[in-house]
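A.B. asks: Attaching a single structure in structure tokens format; questions to follow.
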Amino acid sequence: GDSVTQMEGPVTLSEEAFLTINCTYTATGYPSLFWYVQYPGEGLQLLLKATKADDKGSNKGFEATYRKETTSFHLEKGSVQVSDSAVYFCALVSSNDYKLSFGAGTTVTVRA
Amino acid sequence: GAVVSQHPSWVICKSGTSVKIECRSLDFQATTMFWYRQFPKQSLMLMATSNEGSKATYEQGVEKDKFLINHASLTLSTLTVTSAHPEDSSFYICSARGLAGGYREQYFGPGTRLTVT
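Sequence order for the protein chains is A and B.
Here the working numbering is used: the first residue of the first sequence is 304, the next is one more, and so on.
Here the working numbering is used: the first residue of the second sequence is 463, the next is one more, and so on.
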């Protein structure tokens with residue numbers, strides 16, 4: 304079945320540091336890929352998405368590129384802020400289903 | 463656009479009582495709604511999928527009689543936790559999928575924190 308493997312956390316960074324969270328997937332066909340962010344005590348917010356190979360999703364300084372050859376969708380941000388502290392989830396929807404498959408989530412803490 | 467609300471945002475109930483959680487799509491019609499459960503520091507676990515006007519499809523291991531789901535309209539789905547027990551305490555999150563954003567995108571509600579004492 305479809306699955307997402309996400310880099311284990313927690314990750315602790317200083318402000319303005321570079322952030323990368325690795326995400327790889329296993330899926331049949333051509334899945335759509337997503338990054339969601341969850342702030343403490345809240346639901347999930349869509350951060351960015353990519354629907355086909357080589358697409359780059361970007362939002363709020365975050366980027367991720369859909370790499371079919373490596374089945375990856377790594378999340379990156381060049382300069383993090385304290386407000387980026389949250390849990391980040393990588394997810395996919397397969398081409399023959401509509402259910403989201405989530406990674407385990409990565410907790411990111413940014414210190415001032 | 464594509465806003466999903468949940469009510470209540472948190473609820474405390476006594477063991478043995480039932481609790482209803484509402485999930486509403488505010489600015490789009492949700493043909494499908496999903497209910498998730500999230501334990502502390504863990505990922506989301508899909509409980510069930512509901513399509514408007516039909517019975518919900520439950521994931522393996524989820525008790526249908528305990529978690530009653532109704533999707534009576536294109537903007538409202540409800541989850542009722544019947545005869546709640548402390549082990550049902552959790553964070554429940556709904557999401558909705560409709561014509562907006564394409565069929566693969568889900569929009570999430572803010573979640574409901576349930577505590578059973």
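Cβ coordinates follow ideal geometry from the N, Cα and C atoms, glycine included.
#1: Y333 (chain A) versus chain B: which residues are under 9 Å apart at the beta carbon?
#2: Could you tell me the alpha carbon to alpha carbon distance between L538 (chain B) and T494 (chain B), rounded to whole angstroms?
#3: Would you please verify whether the beta carbon of A407 (chain A) is less than 7 Å from any beta carbon of chain B?
#4: Which chain A residues are close to L506 (chain B), counting only those with a beta carbon under 7 Å from its beta carbon?
#5: Consider the Cβ of F424 (chain B): report whether some Cβ of chain A lies at a distance smaller than 7 Å.
#6: Return no unless some Cβ of chain B is closer than 7 Å to the Cβ of L347 (chain A).
#7: I need the DSSP call for S386 (chain A), collapsed to helix, strand or coil.
#8: Using the C-alpha atoms, what's the distance from Y339 (chain A) back to L347 (chain A)?
#9: For the beta strand (DSSP E) holding N513 (chain B), just list the boundary residues, first then last.
#10: Helix, strand or coil for E549 (chain B), going by three-state DSSP, please let me know.
#11: Between I483 (chain B) and chain A, is any beta-carbon pair separated by less than 7 Å?
#12: So F405 (chain A) and S505 (chain B) are supposed to be a Cβ contact under 8 Å. How far apart are they, rounded?
#13: Give a yes or no on whether the C-beta atoms belonging to E318 (chain A) and A415 (chain A) are separated by under 7 Å.
#14: Using beta-carbon positions only, say whether N356 (chain A) and K371 (chain A) come within less than 7 Å of one another.
#15: Tell me which same chain residues have a C-beta within less than 8 Å of the C-beta of F321 (chain A), skipping the five on either side of it?
#16: If we count the other Cβ atoms within 10 Å of its Cβ and call it buried at 16 or more, is I324 (chain A) buried or exposed?
#17: Any chance the stretch 463-481 of chain B sits against the stretch 512-523 of chain B, with 3 or more Cβ pairs inside 8 Å?
#18: To the nearest whole angstrom, what separates the beta carbons of S480 (chain B) and A546 (chain B), a pair I think is in contact under 8 Å?
#19: Do F337 (chain A) and K352 (chain A) have their C-beta atoms closer together than 7 Å?
#20: Could you please give me the residues that DSSP links to K380 (chain A) through a beta bridge?
#21: Strictly below 7 Å CB to CB, what residues from chain A border T537 (chain B)?
#22: Checking the sheet assignment: what are the DSSP bridge partners for M495 (chain B)?
#23: Among the candidates B:T540, B:T542, B:W497 and B:L536, whose CA atom is the shortest distance from the CA of Y520 (chain B)?
#24: Closest Cβ-Cβ distance between P548 (chain B) and chain A: below 7 Å?
C.D. replies: Based on what the coordinates show:
#1: Correct list: empty, because the minimum Cβ distance to chain B is about 11 Å.
#2: Between L538 (chain B) and T494 (chain B), the alpha-carbon positions lie close to 10 Å from each other.
#3: With 7 Å as the cut-off, A407 (chain A) counts as an interface residue toward chain B.
#4: F405, listed in chain order.
#5: Only positions 463 to 579 of chain B appear in this structure, which leaves residue 424 (chain B) out of reach.
#6: L347 (chain A) counts as touching chain B.
#7: For S386 (chain A), the secondary structure class from DSSP, reduced to helix, strand or coil, is helix.
#8: 6 Å
#9: L506 to N513
#10: helix
#11: Not one chain A Cβ lies under 7 Å of I483 (chain B).
#12: 5 Å
#13: yes
#14: The question names Asn, yet the displayed sequence has Ala at residue 356 (chain A). Taking 7 Å as the Cβ cut-off, A356 (chain A) and K371 (chain A) qualify as a contacting pair.
#15: E379, K380, G381, S382 and V383
#16: buried
#17: no
#18: Right, their Cβ atoms sit about 7 Å apart.
#19: yes
#20: A:L322 and A:F365
#21: The premise fails here: T537 (chain B) is roughly 17 Å from chain A at the closest Cβ pair, so nothing lies under 7 Å.
#22: According to DSSP, M495 (chain B) bridges with B:S512 and B:A558.
#23: Of B:T540, B:T542, B:W497 and B:L536, the residue nearest in Cα terms is B:W497.
#24: Closer than 7 Å: no.
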